[in-house]
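Let me begin by presenting the structure, written as structure tokens, before commenting on it.
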Amino acid sequence: MTPTPETLPDDPAVLKAMLLAKTEEVSRMATSLRAYEAMVEALKLRIARLKRQKFGRSSEKIDREIAQLELALEGLEVARAVAEPAPAGDEESDTASENDAPPSPDPTPSPEKTTPRRRGKPKVAPDTPRERIVLDPGEQCPACGGPLRLVGEDVAEILDFIAAKLKVVETARLK
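Here it is as structure tokens:
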């Protein structure tokens, strides 16, 4: 109930107590408002980050999370509009409440950035030691006994890890 000038008591001590109670209430509401504003900003940044992450690929999971965050943001903005404090008549109490440290809102952990997987052949340093194994099919055709001639080779590379040392093993199949 908001007191009117006619219903206010005449006792200065009671008036001072009422003023202190209102000042504390305004300070508490201002602190709460700052916490809500910080949370709203954090959610806006997270939504922007998720929208940037979404660009270039389609993911239903990201779409759902963006929708949920936008709903949470809308709810916080409505709560902030409802809980706006009444203007304070005393400027000193307003500046004193600004110097108080607002409680930090519970930050939600942001999703870690995922790097896209590379496809294809991994890059190997040119100075990695190489071992070449040649599989020779022979000089004659096993079916007819005719001579075979070399037409090329297929080379397969396998990266082998031996006692903390890397080397590339090339296997060549002569054609």
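Residue numbers (UniProt numbering): 1 to 175. C-beta: ideal position from N, C-alpha, C; glycine also.
**OP:** Would you tell me roughly how many angstroms separate the C-alpha atoms of A38 and L166, rounded to the nearest one?
**Re:** Taking the sequence shown and counting its residues from 1, the one referred to as residue 38 is at position 38. Taking the sequence shown and counting its residues from 1, the one referred to as residue 166 is at position 166. Cα-Cα distance, rounded: 51 Å.
Original post:
For P12, which three-state DSSP category applies?
Top reply: Counting from one through the sequence shown, the residue named residue 12 turns up at place 12. Here P12 sits in helix by DSSP.
**OP:** Drop a sphere of 10 angstroms on the beta-carbon of R46, count the other beta-carbons inside from all chains shown, and report buried for 16 or more, exposed for fewer.
**Re:** What you label residue 46 is simply residue 46 of the sequence shown in a count that begins at 1. With 16 or more other Cβ atoms from the protein chains shown falling within 10 Å of its own Cβ, R46 counts as buried.
Original post:
In chain order, what residues of the same chain lie with their CB nearer than 8 Å to the CB of I66, ignoring the 5 residues before and after it?
Top reply: On the sequence shown, position 66 is the one that residue 66 refers to. So the qualifying residues of the chain are I47, L50, K51 and K54.
**OP:** Would you kindly work out how many angstroms separate the C-alpha atoms of L43 and S32, rounded to a whole number?
**Re:** Reading the sequence shown from its first residue, position 43 is the one you call residue 43. Reading the sequence shown from its first residue, position 32 is the one you call residue 32. Distance between the alpha carbons of L43 and S32: 16 Å.
Subject >> Under 8 Å between C-beta atoms of L174 and V134 >> reply: One-based indexing of the sequence shown puts residue 174 at position 174. One-based indexing of the sequence shown puts residue 134 at position 134. The beta carbons of L174 and V134 sit closer together than 8 Å.
Subject >> Opening and closing residue of the beta strand (DSSP E) in which A83 lies >> reply: In the sequence shown, the residue the question calls residue 83 occupies position 83. Here A83 belongs to no beta strand (DSSP E), and DSSP marks it neither H nor E.
Original post:
Quick one: what's got a C-beta closer than 7 Å to G138's C-beta in the same chain, skipping five residues either side?
Top reply: Locating residue 138 in the sequence shown gives position 138, counting from the first residue. Around G138: L148.
Subject >> R52 (DSSP reduced to helix, strand or coil) >> reply: Along the sequence shown, read from residue 1 onward, the residue named residue 52 stands at position 52. Correct three-state label for R52: helix.
**OP:** Please look up how many angstroms separate the CB atoms of V155 and R130, rounded, as I've assumed it's under 8 Å.
**Re:** Start at 1 with the first residue of the sequence shown, and residue 155 comes out as number 155. Start at 1 with the first residue of the sequence shown, and residue 130 comes out as number 130. Contact doesn't hold; Cβ gap of about 11 Å is too wide.
**OP:** Let me know if A14 comes out buried or exposed under the rule of 16 or more other beta-carbons within 10 Å of its beta-carbon.
**Re:** To locate residue 14, count along the sequence shown from 1; it is residue 14. The residue asked about is misnamed: residue 14 is Val in this sequence, not Ala. So V14 ends up on the exposed side.
Original post:
Do A172 and E157 have their C-beta atoms closer together than 8 Å?
Top reply: Within the sequence shown, numbered from 1, the residue matching residue 172 stands at position 172. Within the sequence shown, numbered from 1, the residue matching residue 157 stands at position 157. Result no, Cβ atoms of A172 and E157 do not sit closer than 8 Å.
Original post:
Near V151, which residues of its chain fall below 8 Å by C-beta distance, leaving aside the five closest residues on each side in sequence?
Top reply: Here residue 151 corresponds to residue number 151 of the sequence shown, with the count starting at 1. Contacts found: K175.
**OP:** Hey, could you find the ends of the beta strand (DSSP E) L135 is sitting in?
**Re:** If you number the sequence shown from 1, residue 135 lands on position 135. Run containing L135: R130 to L135, per the beta strand (DSSP E) assignment.
Original post:
When DSSP labels each residue in this structure, what does L20 get in the three-state scheme?
Top reply: By 1-based counting over the sequence shown, the position of residue 20 is 20. It is helical.
Subject >> Helix, strand or coil at E139 according to DSSP, with G and I counted as helix >> reply: Here residue 139 refers to the residue found at position 139 when the sequence shown is read from its first residue. Three-state DSSP puts E139 in coil, outside helix and strand.
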